[in-house]
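Just so you know, the protein sequences line up as chains A and B, in that order.
Each step along the first sequence adds one to the number in this note's numbering, with nothing skipped, and position 139 is 139.
Each step along the second sequence adds one to the number in this note's numbering, with nothing skipped, and position 44 is 1044.
Backbone N, C-alpha and C fix where the C-beta goes; we use that ideal spot for every residue, glycine too.
The model shown is predicted, which means the values in this text are computed figures rather than measured ones.
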Amino acid sequence: MTVAARTALDVASRVRDPELPVLTLADLGVLRDVVVEDGRVLVTITPTYSGCPAVDEMGADLRRTLRAAGFARVEVRLSLSPAWTTDWITDDGLRKLAEAGIAPPSRIGPRAVGPVPLRLTPPASRVACPRCGSPRTVELSRFGSTACKALRRCADCAEPFEHVKEI
Amino acid sequence: MSFDNAYESLVDHEDAHWAFGTGFAEPLAGVDREIPDTLDARDLFEYCLMLGDDALVLSQRLAEWCSRGPELEEDVALANIALDLLGQARLLLTRAGEAEGAGRDEDALAYLRDERDFRNVHLAEIECGPFAGGDFATTVARLLVYSSWKVALYARLRSFADPVVAAIAAKGLKELAYHRDHAAQWVVRLGDGTPESHERMRAGVARVWPYLAELFTAHPVELRLGVDPAELAAEVDQVLDAVFAAAGLDRPDPVPAARVDGRAGRDGVHTEAMGYLLAELQHLHRSLPGATW
């Protein structure tokens, strides 16, 4: 890897997610590729959800940051495949979420290929309270302030908290 | 780079923000965008319109609940679901434009086509609330039927001959499964609730039931592409029966809505509600072409 490519990767890796600013795009697992070709930086990112409104902001932040670091020509591409899942969040990312009071998602592993089974009851609570650590938490709302989060409450310390839901 | 305040980042006009255009040089990079030789480009265009219009029109319907939800959390939930569908619609209409090869992008297809050129099924467009002709129970009944159908379809489309549609389906499938489970939980809660909620849930299912048959009626384009929706019926039935059993609801008798000379949404023949829906969806862009804010 050339010095320029390494620098571009370092700079792009430090850009933060607009909606979860405790994470970098690299922590979130949406930064797929950074390539330098003929003095031009090609960055590939993937959306978390199809309609994620933060994607445009991510692209703008990447262009701005890389230009400020001296790369005059920056192109940001969107890649859909393979689709993002919460398993793409790095271990470091999970730790940073927990430290910020946001319950991180559990690891799900490879998805089944066949029909998607119906789930009629909310998943059994395995989400520990990020404040007091209690395992007794309940889901208040399956959709939180952003598409990727649900809202929960701790039955012990009674505090509400956000949970990056597994997808 | 972060900004000291949100306004500062919004007024950076180097990128096309918010209203129109994604600002991405290549909106669908990473998958091969050539139209496969095995597919007829015109058929692919028509099929992407069908899928994209379903998502766009239901997204518009769900967005009507904004600030009218029965509770704050559900208001947010319906808006989030609408946003997922809008994202799917944008990708599908972009792909439709590529397949057509006439220079139309997602915005041209969403805002500048007239009613007869829309290919969505009637289920997506009918009034199910918050306005006259429905209520929240009707809305979740529609969402259950729509997402159960799409989950079955998108699961199969993951191996579709067009790699772009396959990638969109693989991505959208996880979202639709979440929407389906959310809707199913509401149908159970309302159906298995009070006499009032049970009756309204029953009425909601009855309201959307006549539009079920169209979901499994193949259009010639679908048959030529090898994606016969009739093959989805058994899987969808199984899901709906499981939900109805848990909700204490009876499966209504099939009474399909009438077709016009054999035609329906996939042929561009729509219900009365569609014109009003499009008027609201399209009027800003048509009154002020290229508007941004």
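Check, Outcome
"Find the residues of chain B that neighbour A/R119, judging by a C-beta separation of less than 7 Å, and give them in chain order.", "D1181"
"Of the residues that make up the segment 1082-1101 of chain B, which ones have a beta carbon closer than 9 Å to any beta carbon in chain E?", "Absence of chain E from the displayed structure is noted, the protein chains being A and B."
"Roughly how many angstroms lie between the CA atoms of A/G51 and B/L1092, to the nearest whole one?", "12 Å"
"Just how far apart, CA to CA, sit A/L151 and B/R1104?", "40 Å"
"How is the beta strand (DSSP E) around A/D33 delimited, first residue to last?", "31-37"
"What does B/I1126 touch in chain A if you count any residue whose Cβ is under 9 Å from its own?", "Near B/I1126 there are no residues of chain A at all, since even the closest Cβ is about 23 Å away, more than 9 Å."
"Within 8 Å of any Cβ in chain A, is that where the Cβ of B/Y1178 sits?", "yes"
"Have a look at the DSSP bridge pairing and note the partners of A/I102.", "A/E162"
"At what residues does the beta strand (DSSP E) containing B/S1067 begin and finish?", "First-last for B/S1067: undefined, no H or E at that position."
"Contact between the segment 72-79 of chain A and the segment 139-146 of chain A: three or more CB pairs below 8 Å?", "no"
"Could you check where the beta strand (DSSP E) with A/A150 kicks off and where it finishes?", "149-154"
"Please compile the residues from chain B whose C-beta is within a distance smaller than 9 Å of the C-beta of A/C157.", "None at all; the shortest Cβ gap to chain B is about 21 Å."
"Indicate the three-state DSSP secondary structure (helix, strand or coil) for B/S1059 in the structure shown.", "helix"
"Distance check for B/D1261 and A/L31, CA to CA, integer angstroms please.", "51 Å"
"Leaving out five residues before and five after A/I108 in sequence, what residues of the same chain have Cβ atoms less than 8 Å from its Cβ?", "T85, T86, D87, E166"
"Would a C-beta distance cut-off of 8 Å place B/G1275 and B/E1115 closer than the cut-off?", "yes"
"Since A/I102 meets chain B, which of its residues come closer than 9 Å, beta carbon to beta carbon?", "Ordered by position in chain B, no residue passes the 9 Å Cβ test against A/I102, which lies about 17 Å from the chain."
"Look at the alpha carbon of A/V164 and the alpha carbon of A/I102, and state the distance between them as a whole number of angstroms.", "7 Å"
"Give me whichever residues DSSP pairs with A/E139 in a beta bridge.", "A/R152"
"For B/A1025, which residues in the same chain have their Cβ closer than 8 Å to its Cβ, ignoring the five residues on either side in sequence?", "At B/A1025, the pLDDT of 43 sits below 50, so the modelled position is not reliable; the number obtained from the coordinates is stated separately. Nothing meets the Cβ criterion."
"List, in chain order, every chain A residue whose beta-carbon is nearer than 7 Å to that of B/G1172.", "S50"
"Below 8 Å, how does it come out for the segment 35-55 of chain A and the segment 1137-1153 of chain B: are there three or more Cβ pairs, yes or no?", "no"
"Can you list, in chain order, the residues of its chain with a C-beta nearer than 6 Å to that of A/R16? Leave out the 5 residues immediately preceding and following it.", "T24"
"Suppose contacts are defined by Cβ-Cβ distances below 8 Å. Is B/G1069 in contact with B/A1141 by that definition?", "no"
"So for A/L120, helix, strand or coil by DSSP?", "coil"
"The beta strand (DSSP E) that contains A/E175, what's its start and end?", "The requested residue 175 of chain A is not part of the displayed model; chain A covers only 1 to 167."
"Quick one: is B/V1221 near chain A, going by C-beta distance under 8 Å?", "no"
"What is the DSSP secondary structure of B/T1138, reduced to helix, strand or coil?", "helix"
"Within the 8 Å Cβ cut-off, does A/P190 reach chain B?", "With chain A covering only 1 through 167, there is no way to say anything about residue 190 of chain A."
"Figure out for me which residue from B/A1177, B/R1200, B/D1253, B/A1273 has the closest Cα to the Cα of A/G114.", "B/A1177"
"For the segment 1238-1256 of chain B, list every residue whose C-beta sits within 8 Å of some C-beta in chain A, in sequence order.", "V1239, A1242, V1243, A1246"
"May I have the straight-line CA-CA distance separating B/W1186 from A/A60, to the nearest angstrom?", "39 Å"
"Do B/N1080 and A/A112 count as a contact pair if the criterion is CB distance below 8 Å?", "no"
"Under three-state DSSP, which class holds B/R1263?", "strand"
"Kindly list the residues whose CB is nearer than 7 Å to the CB of B/E1231, restricted to its own chain and excluding five residues on each side of it in sequence; keep chain order.", "none"
"Can you tell me whether DSSP reads A/V127 as helix, strand or coil?", "coil"
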